[in-house]
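So the structure is just underneath, and the comments pick up after that.
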Amino acid sequence: MCGIAGWVTFTGAPKDQMQQVGERLATELLHRGPDGYGIEIFGEMQGNALLVHRRLSILGLGVAGSQPMLSNDGRYAISFNGEIYNYLELAAEYGLSNLSGTDTEILLQLWQLQGVSVVAQLDGFFAIAIWDNLEKTLTLVRDRTGVKPIYYSLNGQGFWFCSEEFALLKAMELVGEKTAVNMDSLQAHFSRGDSDSRDLYEGIKTLGAGECLVWSELAGLEINAWHSGEYICLDDEAWVQRLGLKEAPSTYSDLLRAQLKWSMNRRLRSDVPLGFAVSGGLDSAALVGLARELLGKEAHLHVFSVISPGSEADESEYQKQVVAAVGGIWHTVDVADLDAHDLERYISATHRIPVAWNNIAHFALCEKVQEAGVKVLFNGQGADELFGGYPHYYKAAFCSEMVSLWPHRKKWPIDFFSAGKQWFKYWLGIFKGQKYIDCADVLMRADYYGPRLNQLLRYEDRNGMACGLESRNPFADNCLMADAWLNAWADDTNRLEGSLSSKLVNGYSKGYLRKAVEGLVPETVLWRVDKKGFTVPAGAKTLSALFHWEKWILSSRLDGVSERGQRQKALARARKIAQSNEIYAQKTITHHQLTPKEDALLAQLFRWAAVGCFLEILHPNSPQS
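Okay, so the sequence shown: first residue is 116 according to this note's numbering, each after it adds one.
Shown next as structure tokens:
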């Protein structure tokens, strides 16, 4: 988990100028790789290509693992950000040496053998930059789910790329290339809070998830998707071989447990301390339970949690039970301690606009991880998408199997009046000859490769990188995804393709995941049905911060995308509510304690404040903003 950047010129540039640009990129990306950096300039008389790497050392801590890394024949140079979890298996399969002890060296050797086609074999999250010094070609590749970012720009000075937009525009300014804030993105954030999925700056684009970009002076720019979202289903014999089992598991739950251990084992490879984010729910508890079983009782497990004592969203009791079960060292962040200045700190550190208060709370958690000397943090993202954890999955299953699932309705965290309306629409659609989508494959692919999971993984990665941390997500394993989607067992004897109800065991969502981790997770956590996700309450300091943020909310910088009078009225309404409502006097509150109108009002004020703060802190002299 590092920072990468580069510049390919059209006409060449003085090497001292390229060195200056490289130094600026390395400085701006310091937080992504505090363990060192490397700059490589290609060209004889003048430089025509620059690669920069900022290193966060996780595997192969010695100097042999430094980047940019050159191939033995000198043809290829790589700057790599990410983790390849199956690099040892690939090295053994192809008989490759690994003098550096890093996955980067294995990837570079495979690229020499296979070129860009090698990425289809990689299990992990990655952003890859390869310079071909013979063909004078730059190739950029991004992972399947788009966790590791790549931003690029094609302008009069050449082709640029970088792990972060802000670092890229600062480097381009050194050669006279300036850009402006994308006002359409700000407008989208005001209305829907989705600027995270849009390009923040004019002329700087985002390489999409699962895409490959190739630039050469002769052919120009070409972008293609290398990942189609299709997976190969493995039969029992293949799974036995892959997982190293003596025989095929008798039930799907047994197979899933073996798969999870296999995925977890790969991700436990590290030369630095590991930590685990525990929310109090099933997914994070399953990971720390698996880690304890695999690492043994002697391993020191650092567990990190966001807490909110006294609020209805507080998960402290469940978190304590998980920590006690694994004998971990518990570190906590109390949301009541977060205040107005945390918004400014977040934007200064991440160079992005927070989508919600959750982002800031998670950033504070990452800071706690960094303080503890931990460099790798495990998260449970992806389980809801794989095992049917979201309410819309329940509604779809309810539509098709209402009679069988109705007795279990109390186990589902959904409004059954809403589910009943969905059921009515389902049968009305059938009567009209319309096809109703209730296939797990369709729903889960939309969530996994759509904005829902991507946004969660992206802000996790961004917050972690701002604190020099690597995030790992064992549920985002390629083979695990294939089997969870396509090989679900409804009755432990027959496989069904895309059967949503197969994810529900005795009415419990994520039923097979629960059965697979029995004995690893406290019973009270294993079968709980009241988990609300990562719901972070707002502290009293946060509410008062709205008025501290008045200068951001009413900033003239926002007049071009938001009416000032509207912002003034909203702030006045919030102040009136705060003065008259006793809820606001509590230490912490959640959106569950607010009326829908109050919740929407606070969310809107937060978005205005975030954008105003972003413009004032990062672009104080930008007239375009």
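Ideal Cβ positions, reconstructed from N, Cα and C, are used throughout, including at glycine. All figures in this text were calculated on a predicted structure; none of them were measured in a lab.
Straight-line gap, residue i to residue j (C-alpha atoms, nearest Å)
i, j, result
"GLN719", "LEU661", "11 Å"
"ALA60", "ASN593", "Any question about residue 60 goes unanswered here, given that the chain covers just 116 to 740."
"ASN609", "ASP398", "A caution first: ASN609 carries a pLDDT of 41, below 50, which makes its placement in the model unreliable, though a value can still be read off. Looking at the two C-alpha atoms, the distance is approximately 26 Å."
"ARG139", "THR465", "17 Å"
"MET287", "ILE462", "21 Å"
"VAL233", "ASN213", "17 Å"
"ALA479", "LEU211", "41 Å"
"GLY118", "GLY148", "6 Å"
"ALA591", "THR366", "22 Å"
"ASN270", "GLU159", "23 Å"
"ASN473", "ASN494", "15 Å"
"ALA120", "GLU413", "40 Å"
"VAL167", "ALA244", "10 Å"
"LEU615", "HIS456", "At LEU615 the pLDDT is 49, less than 50, meaning the model places this residue with poor confidence and gives no usable figure here."
"VAL437", "GLY583", "26 Å"
"VAL726", "SER378", "39 Å"
"LEU225", "ASP218", "11 Å"
"ILE422", "GLN434", "9 Å"
"ASN248", "TRP354", "41 Å"
"PHE274", "GLU332", "10 Å"
"THR639", "PRO424", "19 Å"
Residue nearest to residue i in terms of C-alpha spacing, selected from the options
i, options, result
"ALA301", "GLU317, ARG643 and MET287", "The residue you asked about is not Ala; residue 301 is Leu in the sequence shown. Among GLU317, ARG643 and MET287, the Cα nearest to that of LEU301 is on GLU317."
"ASP386", "GLU585, THR252 and ALA476", "GLU585"
"VAL418", "LEU174, ILE319 and LYS483", "LYS483"
"GLU430", "ASP645, GLY273 and ALA471", "ASP645"
"HIS663", "GLY271, ASP454 and ARG573", "ASP454"
"ASP562", "GLY504, GLY442 and ILE156", "GLY504"
"TRP642", "GLY411, HIS446 and ALA401", "ALA401"
"GLY579", "ASN248, ALA353, ALA724 and LEU492", "LEU492"
"LEU370", "VAL632, TYR152, GLU713 and LEU717", "VAL632"
"LEU628", "GLU678, GLY497 and ARG587", "GLY497"
"PHE747", "ASP258, LEU165 and GLY189", "As shown, the chain starts at 116 and ends at 740. That puts residue 747 outside it, with no answer to give."
"GLU292", "ALA206, PHE281 and GLN272", "GLN272"
"GLU220", "SER194, VAL231, SER624 and ALA242", "SER194"
"THR447", "GLU427, LEU410 and SER394", "SER394"
Assigned secondary structure, residue i (DSSP; H/G/I helix, E/B strand, else coil)
i, result
"TRP341", "coil"
"CYS117", "coil"
"ILE173", "coil"
"ASP131", "helix"
"MET160", "coil"
"SER423", "coil"
"LYS320", "strand"
"ASN196", "strand"
"SER331", "strand"
"TYR191", "strand"
"VAL262", "coil"
"SER212", "coil"
Residue i burial status per 10 Å Cβ neighbour count (16 or more: buried)
i, result
"LYS263", "buried"
"PRO469", "buried"
"ASP238", "buried"
"VAL75", "The structure shown has nothing for residue 75, since the chain only spans 116 to 740."
"ASN736", "exposed"
"VAL178", "exposed"
"GLU143", "buried"
"PHE125", "exposed"
"SER215", "buried"
"ASN187", "exposed"
"SER298", "Note that residue 298 is Met in the sequence shown here, rather than Ser. MET298 is exposed by the Cβ-count criterion."
"GLN182", "buried"
"ASP499", "buried"
Enclosing alpha helix (DSSP H) for residue i [first to last residue]
i, result
"CYS728", "711 to 733"
"PHE281", "280 to 288"
"GLU638", "638 to 641"
"MET481", "The sequence shown places Cys at residue 481, rather than the Met named in the question. 472 to 486 is the span of the alpha helix (DSSP H), which, as asked, contains CYS481."
"LEU405", "397 to 410"
"THR447", "Taken as a continuous stretch (DSSP letters only), THR447 belongs to no alpha helix (DSSP H), being part of the beta strand (DSSP E) at 444 to 449."
"ARG372", "367 to 382"
"TYR627", "626 to 631"
"ILE462", "456 to 465"
"TRP667", "665 to 668"
Limits of the unbroken beta strand (DSSP E) element including residue i
i, result
"TYR209", "Element bounds for TYR209: not the beta strand (DSSP E) but the alpha helix (DSSP H), 202 to 209."
"ALA433", "This sequence places Tyr at residue 433; Ala is not what is there. That residue, TYR433, is in no beta strand (DSSP E); its alpha helix (DSSP H) goes 431 to 441."
"THR217", "Neither: THR217 is in no beta strand (DSSP E) and is coded neither H nor E."
"ASP247", "239 to 247"
Residue i: CB within 7 Å of a non-hydrogen atom of the ligand GTP
i, result
"GLU408", "For the ligand GTP, the structure offers nothing, since it holds no ligand at all."
Within-8 Å CB hit, residue i to chain D
i, result
"ALA373", "The structure shown contains no chain D; it holds only a single protein chain."
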